[in-house]
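In what follows, a single structure is set out as structure tokens and then discussed.
2 protein chains.
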Amino acid sequence: MSRHISEQYDLELAQIKELLMEMGGMVEQQVNHSCTALVNHDDALAEQVRDVESRLNQFEVELDDHCVSIIARRQPAAGDLRNVVSMMKAITDLERIGDEADRIAKMAQRMTDDEPPTDLYADFRSIHENVGRMLHRALDAFARQDVENALRVIEADEEIDQAYNSLVRKCVREMRDKTEGIENSVNMMWAARALERIGDHSKNIAEYVIYQVKGLDVRHGGDTEIDPSED
Amino acid sequence: MSRHISEQYDLELAQIKELLMEMGGMVEQQVNHSCTALVNHDDALAEQVRDVESRLNQFEVELDDHCVSIIARRQPAAGDLRNVVSMMKAITDLERIGDEADRIAKMAQRMTDDEPPTDLYADFRSIHENVGRMLHRALDAFARQDVENALRVIEADEEIDQAYNSLVRKCVREMRDKTEGIENSVNMMWAARALERIGDHSKNIAEYVIYQVKGLDVRHGGDTEIDPSED
């Protein structure tokens, strides 16, 4: 590849990455808005999330197209190809995170104004904070090809799973203890589930960083014993 | 591309596709076994599903590798590239279906031997049959590039969603009406949710068929007004 062609390629790749980061920012906002809508019973904010959802879907299709087109025209090899493949995978995860935010918004709209089980809300808010941090860090790691931060995201997922399981147990207890207001506990459980999945997708994005930088596939508990300083 | 190179490429592509179909067969079996384990309270069968799950994960990583390698070495363009990209996407969906089957198996193991709410089981079995048919048809359509069958899969998804929503409503009613045995209703709800997601992934696979054959992205309710005879 001549220097000129290679510079063109880098430029195109950078443009796609910029769009991907823009999509990432939108998705982060969707997650935050949907969770805020749920704990505050804010119908208007939930409605806003649901409106943005279709724009995110469009974004996914367009970005995916860009990626296929750059592979077809530039025929990247090795590391460059890994970059594009990782971006395509990250786009899918971002879109799925958008879907989960949409689900949380739907649950927010279904929440009735019964006396809220306060500790469930506090737990949900805490999981939201942790998942939000995880997603933000995953996107940061993706933007900077930062293996160290990617590994921290992967580690954080287990904590989320534990907090999620504890919240679900509380929801079930709540449902058993009082026969009225059961719908809110069910909705809360679905919303928590969506948050937990957002954590999974964030973990996926972090794993692509390691795949890009190291050429390693660490999905499914593959070897994550990577020394970040090695890079 | 000379004829010789092109034949080599076709051969490699056919091999990947064969592996993908093998993975598809494993995934179908996982779905059937996990659902059977749930309605029959068959712990041993559920355990078997959970054992196979890690083999599926390995399958995904290997197949994905094959796809990246064929792009890097053969630099396919246009239709050929679409084929490989579709396969990569389908692999991800198959692996996620495997995850959902694993979740159903986990719920099967949690089911206690309380008097089962018979109609919930009947509803679950009926959704399982429909989702199983949908997945099978999606894989068939993928193998044969059969747009007509792919469109039928996409249409079927709405029916699944309706049956799923009705089952969830019944579960919530069940929980409200009796305070004991609430766990089984919750587990049933999670399992139904997993089935509904398997329907979504099957729909995704069907959409890749249309993308491959027509070069059209019909995700997110894009135009599916395709005349199959046109092909």
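Chains U and P, in that order, give the protein sequences.
Sequential numbering from 1 applies to the first sequence in the working numbering.
Sequential numbering from 232 applies to the second sequence in the working numbering.
Glycine included, C-beta positions come from ideal geometry on N, C-alpha and C.
At least one CB of chain P closer than 9 Å to the CB of residue i: is that the case?
{"i": "I71/U", "result": "yes"}
{"i": "I210/U", "result": "no"}
What's the gap between the Cα of residue i and the Cα of residue j?
{"i": "P76/U", "j": "R55/U", "result": "30 Å"}
{"i": "L366/P", "j": "A206/U", "result": "30 Å"}
{"i": "A141/U", "j": "V147/U", "result": "7 Å"}
{"i": "Y164/U", "j": "L81/U", "result": "36 Å"}
{"i": "T349/P", "j": "I358/P", "result": "14 Å"}
{"i": "Y121/U", "j": "D344/P", "result": "33 Å"}
{"i": "E360/P", "j": "V84/U", "result": "38 Å"}
{"i": "E390/P", "j": "I104/U", "result": "23 Å"}
{"i": "K434/P", "j": "M318/P", "result": "14 Å"}
{"i": "C35/U", "j": "L139/U", "result": "19 Å"}
{"i": "I198/U", "j": "M257/P", "result": "27 Å"}
{"i": "L38/U", "j": "I16/U", "result": "33 Å"}
Measuring only between beta-carbons, confirm whether residue i sits less than 9 Å from chain U.
{"i": "M420/P", "result": "yes"}
{"i": "A309/P", "result": "yes"}
{"i": "R281/P", "result": "no"}
{"i": "R424/P", "result": "yes"}
What does a CB cutoff of less than 6 Å around residue i pick up in its chain, not counting 5 residues either side in sequence?
{"i": "W190/U", "result": "M107"}
{"i": "M188/U", "result": "L120 and C171"}
{"i": "R137/U", "result": "N149 and V153"}
{"i": "I457/P", "result": "Because the pLDDT at I457/P is just 47, under 50, the model does not fix this residue reliably, and the point stays unresolved."}
Residues of chain U with CB under 7 Å from residue i, in chain order?
{"i": "M406/P", "result": "M175 and I182"}
{"i": "V417/P", "result": "V172"}
Once the 5 residues before and after residue i are set aside, which same chain residues still bring their CB inside 8 Å of it?
{"i": "I91/U", "result": "L20, M23, E60, L63, D64 and C67"}
{"i": "Y240/P", "result": "M232, I301, R305, P307 and D311"}
{"i": "V417/P", "result": "C402 and M406"}
Which bits of chain P does residue i rub up against, with CB to CB less than 7 Å?
{"i": "Q237/U", "result": "Here chain U comprises residues numbered 1 to 231, so residue 237/U is not present and cannot be evaluated."}
Against residue i, what residues of chain P qualify as contacts under a CB-to-CB distance less than 9 Å, listed in chain order?
{"i": "V39/U", "result": "Going along chain P, no residue has its Cβ under 9 Å from V39/U, so there is no contact; the nearest lies around 21 Å."}
Ordered along the chain, which non-local residues of its own chain (more than five positions away) have a Cβ less than 7 Å from that of residue i?
{"i": "H201/U", "result": "D93, R96 and I97"}
{"i": "Q279/P", "result": "H264"}
{"i": "Q340/P", "result": "D274 and A277"}
{"i": "R50/U", "result": "D102 and A105"}
{"i": "A423/P", "result": "F355, I358, Y395, L398 and V399"}
Quiz item: Got a sec: which bits of the stretch 339 to 365 of chain P sit with their beta carbon under 8 Å from any beta carbon on chain U, in order along the chain?
Solution: Within the stretch 339 to 365 of chain P, no residue qualifies.
Quiz item: Taking any Cβ of chain P, which residues in the stretch 80 to 110 of chain U have a Cβ under 8 Å from it, in chain order?
Solution: Legend: CB atoms of the stretch 80 to 110 of chain U lying less than 8 Å from CB atoms of chain P belong to residues L81, R82, V85, M88, K89 and T92.
Quiz item: If you measure beta-carbon to beta-carbon, which residues of the stretch 56 to 71 of chain U are closer than 8 Å to chain P?
Solution: Here the close residues are N57, Q58, E60, V61, D64, D65, V68 and I71.
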